[in-house]
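Q: Please find one structure pasted underneath; my questions will follow.
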Amino acid sequence: MADVNRPLPTGGAASPGNVVAVLRDAGPLTRQQLQTLLGLSRATLVERLDTLQRMRMVRTVGHHASSGGRRAALLEADRSSRVAVVGWLGASHVSIGISDLSGKVLVDHTERLPLGHTPSHVLPWLVDMARQQLSATGRGGDLAAVGLAVPGQIDQATGISIMPTTMPAWRDQPLRDTLADGLGVEVLLENDANALAYGEYLAAGSRQSTVLGVAVGTGIGAGVVIGGRPHRGATGCAGEIGHIRIEDRDERCSCGRRGCVAALASGKALVRQLRGDGVRSLPDVIRRVESGAPQAVAMATDAGRLVGTVLATVVTILNPNLVRVGGEIGSLAPFRAGLAETLTQQAHEVAAQGLDVGPAVLGERAPLVGMAGLAAEAVFDPAAIDRLAARP
13 MADVNRPLPT GGAASPGNVV AVLRDAGPLT RQQLQTLLGL SRATLVERLD
63 TLQRMRMVRT VGHHASSGGR RAALLEADRS SRVAVVGWLG ASHVSIGISD
113 LSGKVLVDHT ERLPLGHTPS HVLPWLVDMA RQQLSATGRG GDLAAVGLAV
163 PGQIDQATGI SIMPTTMPAW RDQPLRDTLA DGLGVEVLLE NDANALAYGE
213 YLAAGSRQST VLGVAVGTGI GAGVVIGGRP HRGATGCAGE IGHIRIEDRD
263 ERCSCGRRGC VAALASGKAL VRQLRGDGVR SLPDVIRRVE SGAPQAVAMA
313 TDAGRLVGTV LATVVTILNP NLVRVGGEIG SLAPFRAGLA ETLTQQAHEV
363 AAQGLDVGPA VLGERAPLVG MAGLAAEAVF DPAAIDRLAA RP
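Okay, so the sequence shown: first residue is 13 according to this note's numbering, each after it adds one.
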């Protein structure tokens with residue numbers, strides 16, 4: 013049964029966006045329940061609902077139980093008639109899929125990429141693959157938004173990728189405008205570790221107020237979800253733990269500084285450290301560790317300990333409920349064991365008490381699921397709905 017006692021969204025309760033917000037949070041509801049909750053006249057509510065049904069934001073889902081007389085239709089936010097294109101771009105791969113507006117990924121596909129790949133090659137492929145997936149699923153006319161997770165810092169005002177140190181060719185690229193031009197809808201960009209953390213937040217349920225997601229692959233990053241929202245910080249670089257310096261270490265990092273944890277414990281660093289053992293690529297490292305090669309296992313464990321040392325401070329500051337570790341290196345058991353051991357030893361004992369540290373339960377799909385959830389949030393944002401409703 014609908015909870016008609018939930019608080020209304022703040023500001024402009026009569027706006028189309030806030031009608032959808034109430035239906036999304038408390039629906040399904042009858043028109044009479046909506047009218048009571050929002051304090052609207054019947055004529056105004058009818059006008060709002062007509063607009064929202066044309067926009068495919070609201071739909072009828074059956075009828076309210078009645079002991080007699082005509083049963084009232086029930087309305088809810090429409091999560092199924094439109095879709096989002098969601099993607100995750102990394103230094104060695106790209107994933108793309110279609111999700112509905114409940115955040116469920118319907119189809120997806122992943123391709124490995126050569127290190128040093130460029131926007132001129134990958135962005136047209138992303139647009140083309142998105143069109144193919146929309147066509148194959150019969151959803152070509154249903155696209156509502158695009159969401160893409162990328163490494164490093166993003167200027168949210170301009171949609172430009174600022175500092176992806178593992179992908180230098182992508183620096184200062186207008187990702188949002190390029191994808192919007194190619195697919196014709198609003199584009200949401202998010203840091204890949206934030207997308208991982210948000211996916212794990214969704215998988216864990218809303219009872220988890222603070223989730224720390226750690227992505228360790230070619231590079232290292234962390235994402236934070238606080239109160240159900242990714243925390244980006246003042247300039248968008250919150251969670252860039254890969255560039256925290258380890259005392260007394262002098263290895264040069266791709267950012268130009270020395271002693272960064274990414275220069276010591278990332279996948280790129282492990283490839284360099286194991287090169288004398290015949291390792292040439294990140295997949296080589298993974299195969300060596302998974303096969304139990306002693307040197308590779310020891311180095312992966314040590315890398316986990318280094319990252320755990322950095323995370324101990326982060327955990328003490330943020331006091332999260334969950335820490336979830338993903339990425340190609342982060343998914344390796346010896347790495348996670350070293351990380352968990354050091355983290356729990358070095359974090360403040362109260363912050364570490366009861367802390368749930370483990371692998372990303374969604375595995376390699378976590379960033380894609382996170383982007384599906386964030387894309388749905390963006391489509392149902394009341395201000396965004398109001399802007400669309402105001403268009404002639």
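By construction, the Cβ of each residue, glycine as well, lies at the ideal position given by its N, Cα and C atoms.
As the structure is a prediction and not an experimental result, all values here were calculated from the model.
(1) Under a three-way DSSP split, which group does arginine 300 fall into?
(2) Between the C-alpha atoms of serine 114 and arginine 244, what's the straight-line distance to the nearest angstrom?
(3) What is the DSSP secondary structure of alanine 192, reduced to helix, strand or coil?
(4) Taking just the CA atoms, how far does alanine 246 sit from proline 21?
(5) Can you check DSSP and say which residues form a bridge with threonine 72?
(6) Report the three-state DSSP secondary structure of leucine 386 (helix, strand or coil).
(7) Can you grab the Cα-Cα spacing for the pair isoleucine 253 / asparagine 333, in whole Å?
(8) Between the segment 182-199 and the segment 83-90, do three or more beta carbon pairs fall short of 8 Å?
(9) Mind checking which residues open and close the alpha helix (DSSP H) that includes alanine 364?
(10) With distances taken Cα to Cα, identify the nearest neighbour of glycine 320 among Pro163, Val337, Met69, Ala305.
(11) Which stretch, first to last residue, makes up the beta strand (DSSP E) that contains proline 371?
(12) Roughly how many whole angstroms lie between the Cα atoms of proline 163 and glutamine 45?
(13) DSSP state of serine 92, grouped into three classes?
(14) State whether the segment 351-360 contacts the segment 382-392, with contact taken as three or more CB pairs (one from each stretch) at a distance under 8 Å.
(15) Given a threshold of 16 other Cβ atoms within 10 Å of its Cβ, counted over all protein chains shown, does aspartate 193 qualify as buried or as exposed?
(16) To the nearest angstrom, how far is the alpha carbon of methionine 311 from that of proline 346?
(17) For glutamine 168, which of helix, strand or coil comes out of DSSP?
(18) Enumerate in chain order the residues of its own chain whose CB-to-CB distance from arginine 292 is below 6 Å, with the five nearest sequence positions on each side excluded.
(19) Taking only runs that begin and end inside the segment 272-353, name each unbroken alpha helix (DSSP H) of 4 or more residues, in chain order.
(20) Which class does leucine 113 belong to by DSSP, given the choice of helix, strand or coil?
(21) Kindly indicate the opening and closing residues of the alpha helix (DSSP H) around isoleucine 397.
(22) Compare the beta carbon distance of glycine 211 and proline 379 with 8 Å and say whether it is the shorter of the two.
(23) Just to confirm my understanding: we take alanine 324, look at its own chain, exclude 5 residues before and 5 after, and list those with CB closer than 6 Å. What are they?
(24) Starting from glutamate 123, follow its DSSP beta bridges and name the residues at the other end.
(25) Would you mind stating whether threonine 149 and leucine 118 have Cβ atoms separated by less than 8 Å?
(26) What three-state label does DSSP hand threonine 222 in the structure shown?
(27) Give the range of the alpha helix (DSSP H) segment to which glutamate 59 is assigned.
(28) Output needed for alanine 275: all residues of its chain with C-beta closer than 8 Å, excluding positions within five of it in sequence on either side, in chain order.
(29) Which residue from Pro394, Asp393, Gly375 puts its Cα closest to that of alanine 471?
(30) Rounding to the nearest angstrom, what Cα-Cα distance links asparagine 331 and glycine 248 in this structure?
(31) Hey, could you find the ends of the beta strand (DSSP E) leucine 201 is sitting in?
(32) Could you give the C-beta distance for leucine 160 and leucine 101, rounded to a whole number, given that I count them as a contact under 8 Å?
A: Reading off the structure:
(1) If you number the sequence shown from 1, residue 300 lands on position 288. In the structure shown, arginine 300 sits in a helix (DSSP, three-state: H, G or I).
(2) Residue numbering aside, residue 114 sits at position 102 when the sequence shown is read from its first letter. Residue numbering aside, residue 244 sits at position 232 when the sequence shown is read from its first letter. Taking the straight line from one Cα to the other gives about 24 Å.
(3) Stepping through the sequence shown from its first residue, residue 192 is reached at position 180. Note: alanine 192 maps to helix in three-state DSSP.
(4) Here residue 21 is taken as the residue at index 9 of the sequence shown, counted from 1. Here residue 246 is taken as the residue at index 234 of the sequence shown, counted from 1. Unreliable placement is indicated for proline 21, whose pLDDT of 47 sits below 50; no coordinate value is reported for it.
(5) As a position in the sequence shown, residue 72 is number 60, starting the count at 1. According to DSSP, which records beta bridges pairwise, threonine 72 is partnered with Leu87.
(6) As a first step, residue 386 is located in the sequence shown; it is residue number 374 there, counting from the start. The answer is helix: DSSP assigns leucine 386 an H, G or I state.
(7) Start at 1 with the first residue of the sequence shown, and residue 253 comes out as number 241. Start at 1 with the first residue of the sequence shown, and residue 333 comes out as number 321. If you take the alpha carbons of isoleucine 253 and asparagine 333, they lie about 19 Å apart.
(8) Touching, no, given that fewer than three Cβ pairs across the two stretches are closer than 8 Å.
(9) Against the sequence shown, residue 364 aligns to sequence position 352. Where alanine 364 is concerned, the enclosing alpha helix (DSSP H) stretches over 361-364.
(10) For the purposes of this step, residue 320 is taken as residue 308 along the sequence shown, with counting starting at 1. For the residues Pro163, Val337, Met69, Ala305, the minimum Cα distance to glycine 320 belongs to Val337.
(11) Here residue 371 corresponds to residue number 359 of the sequence shown, with the count starting at 1. Proline 371 -> beta strand (DSSP E) spans 368-371.
(12) Residue numbering aside, residue 163 sits at position 151 when the sequence shown is read from its first letter. Residue numbering aside, residue 45 sits at position 33 when the sequence shown is read from its first letter. Approximately 45 Å, taken between the alpha carbons.
(13) The residue given as residue 92 occupies position 80 in the sequence shown. DSSP places serine 92 in coil when its eight states are reduced to three.
(14) Three or more Cβ pairs closer than 8 Å define a contact, and the segment 351-360 falls short of that threshold against the segment 382-392.
(15) Here residue 193 is taken as the residue at index 181 of the sequence shown, counted from 1. Here aspartate 193 is exposed: its Cβ has fewer than 16 other Cβ atoms, across all protein chains shown, within 10 Å.
(16) As a first step, residue 311 is located in the sequence shown; it is residue number 299 there, counting from the start. As a first step, residue 346 is located in the sequence shown; it is residue number 334 there, counting from the start. Answer to the nearest angstrom: the Cα atoms are 9 Å apart.
(17) Within the sequence shown, the letter at position 156 stands for residue 168. Coil, per DSSP.
(18) The residue you call residue 292 lines up with position 280 of the sequence shown. Nothing meets the Cβ criterion.
(19) Within the segment 272-353, the alpha helix (DSSP H) runs of at least 4 residues that lie entirely inside it are, in chain order, 274-277, 279-285, 294-302, 306-330.
(20) Here residue 113 refers to the residue found at position 101 of the sequence shown. Leucine 113 falls in the coil class under three-state DSSP.
(21) Start at 1 with the first residue of the sequence shown, and residue 397 comes out as number 385. It spans 394-401 - the alpha helix (DSSP H) in which isoleucine 397 sits, taken as one unbroken run.
(22) Taking the sequence shown and counting its residues from 1, the one referred to as residue 211 is at position 199. Taking the sequence shown and counting its residues from 1, the one referred to as residue 379 is at position 367. Between glycine 211 and proline 379, the C-beta spacing is below 8 Å.
(23) As a first step, residue 324 must be located in the sequence shown, where it is residue number 312. Setting aside the 5 residues that flank it on each side, alanine 324 is surrounded in the same chain by Leu355, Gln358, Ala359, each with a C-beta closer than 6 Å to its C-beta; the list follows chain order.
(24) Here the question's residue 123 lines up with position 111 in the sequence shown. Bridge partners of glutamate 123: Val106.
(25) Mapped onto the sequence shown, residue 149 falls at position 137. Mapped onto the sequence shown, residue 118 falls at position 106. Cβ distance < 8 Å, so threonine 149 and leucine 118 count as in contact.
(26) Within the sequence shown, residue 222 is the residue found at index 210, counting from 1. Of the three classes helix, strand and coil, the one that applies to threonine 222 here is strand, per DSSP.
(27) Residue numbering aside, residue 59 sits at position 47 when the sequence shown is read from its first letter. 54-66 is the extent of the alpha helix (DSSP H) around glutamate 59.
(28) Along the sequence shown, read from residue 1 onward, the residue named residue 275 stands at position 263. Taking alanine 275 as the centre and dropping the five residues before and after it, the same chain places the C-beta of Arg261, Glu263, Arg264, Cys265, Ser266, Ala281 closer than 8 Å to its C-beta, in chain order.
(29) The shown model of the chain, from 13 to 404, leaves out residue 471, and the question about it has no answer.
(30) Taking the sequence shown and counting its residues from 1, the one referred to as residue 331 is at position 319. Taking the sequence shown and counting its residues from 1, the one referred to as residue 248 is at position 236. If I take the Cα positions, the gap works out to 21 Å.
(31) Along the sequence shown, read from residue 1 onward, the residue named residue 201 stands at position 189. Counting along the chain, the beta strand (DSSP E) containing leucine 201 begins and ends at 199-203.
(32) Against the sequence shown, residue 160 aligns to sequence position 148. Against the sequence shown, residue 101 aligns to sequence position 89. The pair is a contact, with the Cβ atoms about 6 Å apart (cut-off 8 Å).
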